[in-house]
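Numbering (UniProt numbering), first residue to last: 1 to 636.
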């Protein structure tokens, strides 16, 4: 054994061999063995911690699904508040929700709820604690580069699969945790920025440890240069993903993100190919490849590619046709008929690509699907019955498109006109009048929207095109009331704030068809549409618009379809969110669901209203246990 120990063992990709080699040099550098051992152990310990946390969230998610399913079977029965009952578990849940989801933290121009802020800070603390703990050398040197330089690189490499998974549209984390990919994308950016700092620490520590002469020698090696390239690539991605840059050049960001991410992964693999750390890098390629494969297959099926293979589709109908209606100067409506097998849940999104106005072949943008699957009032049912609503007879924007055989699932998008894609689509649509048709592709559906079934009271707040998210939830609740599949729901309040009255035309016919066969005794509904144009930025009480005298002033013609319903109100002025929330909370008992989609200001108003109107003690007295879901615009 002494003779064997005196001869350095041959180096290969085995971790054990590397440790044995380090033991040979232990007399020359006693810190080498413990630094290598900790360098290989700590990345695994981080993964054990993260896996345990993901498992805990998954258990909570599936428990919530089970609870919601059981609650949805119960019939709505108004209760009343009483004395404090300390055994009420919902009170503890309410306190947690208030702190976790309704308390926000502002950082510069960013607004995060406490959960997002906590998870980001917790991940930073975990990574850097394991990176710098136990880095004092045997000679007493604190934060020795011998310990943290290589360890930082090993930890960064170990987190690559998580980084890639969080950025994928199809990932198993969404299935287990119920967190949709768009919200996981925030954590994706947090992880990327943390790993970027970690890689610079790794590189800087290695250069400091090796010295100038050794560094120049290493720079001649391919593994060193590719490591440097990978670090630069991740730094570029972090810079380009900053919200101001990403928002102003989203289309270019998508293209740059794709190619720079490939450089990052390829460079990382080459940098680690002579070590065992490729075990962390190659799974990243697998995750990325699976996501792309699933998206390709889904796009192929959604756009009717299988019908081509079966010889059941006319080549002239491929790709899909998107009908674009100019609703107002601020809003477009896009309708696409998809194959009959396509299905989606209320609140999900799909990616829309229109080659006519796209700058690149792969340009696609996510939009909420503004209708529900197998809607009773779809255009297909209108075609079968051969009748039209009053709005259709007037030749409005709701004139139905004619589906082709095998393509009767209508998908509706409401697009707020900004710059880039939506502006080019508007210009192309107006070139041929108020309505135009273009070839299109659809990829989806995506996201894990909340289920509003099973709640006694549901509040829906939307601003502008945010109605694309709340409208399907409303339609689903109405459908559940008509079919008797959601007996738990007793009241729904729908609030929509819009800039101009013309935007009502985008949904008026859909609401008319949904309301006309609704039994008012089955569910209590209040519809409030607030027109905010030429209204000062206040939250004062809104005044109702007199439709009979206001029609000639411009724009409420489509709203007249709805004014006959006693639960419909068209108001002028911004909604008093605090008052609406407070009134409904005071009147409600049991479970309440609050959903909001719009600007950050609207979301913050709803959070503030809930914080002021609800408390744990109120839940103990029998008040509602409130669940809040915010479908936000933008991100950190």
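Ideal placement from N, C-alpha and C gives every residue a C-beta, glycine not left out. The model shown is predicted, which means the values in this text are computed figures rather than measured ones.
Asked	Found
Unbroken alpha helix (DSSP H) run spanning residue 147, endpoints	145 to 158
Own chain, CB closer than 7 Å to residue 42, minus 5 neighbours either side, in chain order	130, 151, 155
Residue of 477, 358, 172, 416 minimising C-alpha distance to residue 54	172
Local Cβ density within 10 Å of residue 142, reported as buried at 16 or more and exposed below that	exposed
Presumed contact (8 Å Cβ cut-off) between residue 441 and residue 353, rounded CB distance	4 Å
Where residue 121 falls, given that 16 or more other Cβ within 10 Å makes a residue buried	exposed
CB-CB length for residue 338 against residue 407, believed under 8 Å	6 Å
Exposed unless 16 or more other CB atoms sit within 10 angstroms - verdict on residue 418	exposed
Limits of the alpha helix (DSSP H) - the one that residue 252 falls within	250 to 272
Other residues of its chain near residue 322: CB distance less than 8 Å, five sequence neighbours each side excluded	334, 335, 336, 352, 354, 437, 438, 439, 440
Under the three-state DSSP convention, the category residue 218 falls into	helix
Cβ shell of residue 291 (< 6 Å), same chain only, five flanking positions each side left out	168, 170
Pick from 596, 505, 533, 583 that is closest to residue 562, judged by C-alpha positions	505
Of the listed residues 581, 475, 280, nearest to residue 162 (C-alpha basis)	280
Buried versus exposed call for residue 116 [16 or more other C-beta atoms within 10 Å across all chains shown]	buried
Cα-Cα separation between residue 258 and residue 238, rounded to whole angstroms	13 Å
Beta-carbon gap between residue 588 and residue 632 smaller than 9 Å	no
With 16 other Cβ atoms within 10 Å as the buried cut-off, status of residue 555	Here the model assigns residue 555 a pLDDT of 45, short of 50, so the residue's position is not dependable, and the following value carries that caveat. Result: buried.
Alpha-carbon spacing of residue 252 relative to residue 166, whole angstroms	21 Å
Pair within 9 Å by beta-carbon distance, residue 465 and residue 414	yes
Those residues which DSSP pairs with residue 128 across a bridge	In DSSP, residue 128 forms no bridge with anything.
Opening and closing residue of the alpha helix (DSSP H) in which residue 301 lies	278 to 302
Identity of the residue in 295, 522, 269, 565 nearest residue 512 by Cα	565
DSSP state of residue 333 mapped onto helix, strand, coil	strand
Check whether residue 575 and residue 611 have beta carbons under 9 Å apart	no
When 49, 118, 144 are compared against residue 665, the one with the closest alpha-carbon	In the structure as shown, the chain begins at 1 and stops at 636. Residue 665 is therefore absent and cannot be evaluated.
Buried versus exposed call for residue 362 [16 or more other C-beta atoms within 10 Å across all chains shown]	exposed
For residue 603, the first and last residue of its enclosing alpha helix (DSSP H)	600 to 613
Simplified DSSP state of residue 576, which is helix, strand or coil	coil
Residue from 233, 509, 357 with nearest C-alpha to residue 263	233
Exposure label - residue 520; buried when at least 16 CB within 10 Å	exposed
Endpoints, beta strand (DSSP E) assigned at residue 320	320 to 328
Distance, residue 624 Cα to residue 552 Cα	Unreliable positioning characterises residue 552 in this predicted model, as indicated by a pLDDT of 35, which lies under 50. A coordinate reading is not provided.
Closest Cα partner of residue 288 within the set 276, 164, 187, 227	164
Secondary structure of residue 354, DSSP reduced to three states	coil
Through-space distance from residue 159 to residue 48, alpha-carbon basis	12 Å
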